[in-house]
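Heads up: the sequence shown at position 226 corresponds to 247 in our numbering, and the numbers run straight through without jumps. Even glycine gets a Cβ: it sits at the ideal position worked out from N, Cα and C.
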Amino acid sequence: MNFLTEVARFTRYQDWAPGKIPVLCTILFYIGLANHQVGPAFVLDATMFLIFASLHSAMGYVVNDWGDRELDKQHGKSNAFDRLSPQNGAAALLALIGLAFLSGLYFASRPYVLPLWLTWSFFALAYSLKPLRLKERGIVGISASAIAQWSLPVLLAFAALGRFGNLDMIVFALAVTINGATLEIAHQRHDRVRDLSTQTGTFGTRVASSKLDRLYTAALFMDKVALGIVFAIIMTVTTQLMMGWSALAPLALYVVLFVLSVIETMRFQREGKFLDPYYSAERSAAKLLHETFANLVLPTYVIALATLLHPINGLFLVAFLYWRLILGQADWRLLLRAIAMPFRHARN
């Protein structure tokens with residue numbers, strides 16, 4: 022167990038897995054439903070792609086820590102290489118890069134995969150490492166992060182599972198890129214004070230705090246809309262499968278959370294406060310929409326639909342729910358509290 026804990030710490034598992042794996046599950050199972058192929062061959066492909074994408078996500082975060090070793094010391098932040106000598110750290114990083122490379126060989130011969138894979142690897146390295154170190158190039162850094170962490174994995178998923186070039190791929194890629202850019206703005210806003218203290222030239226340090234808040238508010242709204250567009254695309258597939266009825270409950274939940282989160286944002290603005298659903302422990306409808314709906318409800322929905330069509334996907338569904346709800350220690354009371362919150366404030 023200690024070994025697994027150390028692996029999770031080194032790969033920064035908690036920083037990327039809870040947000041990226043559910044999104045990839047949504048995309049992969051959407052593709053399976055849209056292709057009308059959710060049998061054993063699909064489950065194998067989906068599993069292999071999750072391993073491939075997870076190793077590359079871990080590689081990107083660990084490479085970032087390698088490039089930020091001295092900076093993180095100045096910030097007082099934890100770093101993947103804190104407990105390793107320079108030699109052992111370099112060896113561990115090379116081992117991770119090697120595993121990531123091996124995991125991609127399964128898909129390398131499929132159309133469009135290789136050039137997208139090479140591009141993904143380039144951005145993952147160029148974002149953090151000199152001489153390019155794109156993260157310190159203002160808006161270019163935000164764009165590079167969104168492309169590396171979100172756009173390219175989506176395109177790779179569509180290529181690896183044989184649905185590259187369709188309109189739905191473009192819509193998914195744009196929507197997920199908006200989400201990635203929003204997350205990067207949130208991250209730079211969160212780290213703004215520390216980055217200013219070390220004169221780190223991120224976009225967040227180059228603009229006024231008030232302007233960054235306005236940009237983040239706009240990005241969060243676009244993120245909400247993008248999530249709705251993704252769900253609308255998924256609904257078109259459920260209708261084609263004669264399962265349009267199955268979208269009624271999640272659709273109602275999305276609409277309710279969207280309306281409540283907009284009301285929350287307006288209330289916070291009137292009170293001169295800022296509602297941050299990504300870097301706040303405060304329970305809110307916005308947090309439910311941006312995190313719980315996107316990372317639990319939506320992937321569970323598409324995996325459950327695939328299970329109705331082919332029982333083998335039930336194994337994936339059980340594993341996913343166990344990971345999210347049991348290992349993730351989900352708070353079952355969060356949904357009711359967040360929905361009730363606006364009504365409590367209305368009474369006050």
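Just how far apart, CA to CA, sit residue i and residue j?
| i | j | result |
| --- | --- | --- |
| Gly40 | Asn316 | 6 Å |
| Met287 | Asp297 | 13 Å |
| Phe128 | Phe144 | 19 Å |
| Thr259 | Leu92 | 48 Å |
| Ala367 | Glu303 | Low confidence applies here, because Ala367 scores a pLDDT of 44, under 50, leaving its location unreliable; read the following figure in that light. Between Ala367 and Glu303, the C-alpha separation is close to 18 Å. |
| Ala207 | Tyr299 | 7 Å |
| Arg158 | Leu336 | 44 Å |
| Ile333 | Leu342 | 15 Å |
| Ser78 | Val251 | 22 Å |
| Gln209 | Asp89 | 14 Å |
| Ser267 | Ile118 | 41 Å |
| Arg345 | Lys308 | 16 Å |
| Ile255 | Arg30 | 35 Å |
| Thr238 | Asn109 | 42 Å |
| Leu71 | Leu45 | 7 Å |
| Ala247 | Tyr275 | 12 Å |
| Pro132 | Ala180 | 7 Å |
| Pro107 | Leu115 | 12 Å |
| Leu65 | Ala194 | 23 Å |
For the candidate residues the options, whose alpha-carbon lies nearest to that of residue i?
| i | options | result |
| --- | --- | --- |
| Arg213 | Arg184, Asn23, Arg154 and His96 | His96 |
| Leu443 | Ala38, Val280, Leu195 and Leu278 | A question about residue 443 goes unanswered here, because the residues of the chain that appear run from 22 up to 369. |
| Ile324 | Glu27, Trp344 and Val59 | Val59 |
| Ile163 | Ser218, Thr47, Ala240 and Ala229 | Ala240 |
| Leu182 | His311, His331, Lys151 and Ala67 | Ala67 |
| Ala202 | Val161, Gly186 and Thr219 | Val161 |
| Leu150 | Asn56, Asn85, Leu262 and Gly249 | Asn85 |
| Leu329 | Tyr34, Gly53 and Glu27 | Gly53 |
| Ser218 | Ala113, His311 and Lys94 | Lys94 |
| Ser231 | Lys294, Leu338 and Phe314 | Lys294 |
| Leu155 | Phe185, Glu205 and Asp234 | Glu205 |
| Pro61 | His331, Trp87 and Ser172 | His331 |
So if DSSP puts residue i in a beta bridge, which residue, or which two residues, is it bridged to?
| i | result |
| --- | --- |
| Thr223 | Gly159 |
Considering only residues of the same chain and omitting the five flanking positions on each side of residue i, which have a CB-CB separation below 6 Å?
| i | result |
| --- | --- |
| Ala121 | Leu76, His77 and Met80 |
| Ala306 | Leu278, Leu281, Ser282, Glu285 and Ala359 |
| Ile42 | none |
| Asp216 | Thr223 and Thr226 |
| Gln170 | Gly201 |
| Gly265 | Thr259 |
Residues in the same chain with beta-carbon distance under 7 Å from residue i, minus the five sequence neighbours each way, listed in chain order, please.
| i | result |
| --- | --- |
| Tyr322 | Pro271 |
Leaving out five residues before and five after residue i in sequence, what residues of the same chain have Cβ atoms less than 8 Å from its Cβ?
| i | result |
| --- | --- |
| Met243 | Ile199 and Thr203 |
task: Check whether the segment 182 to 198 touches the segment 95 to 105, counting contact only when three or more Cβ pairs, one atom from each stretch, lie closer than 8 Å.
output: no
query: How about the segment 125 to 141 and the segment 174 to 187: do they share at least three Cβ pairs that are nearer than 8 Å?
result: yes
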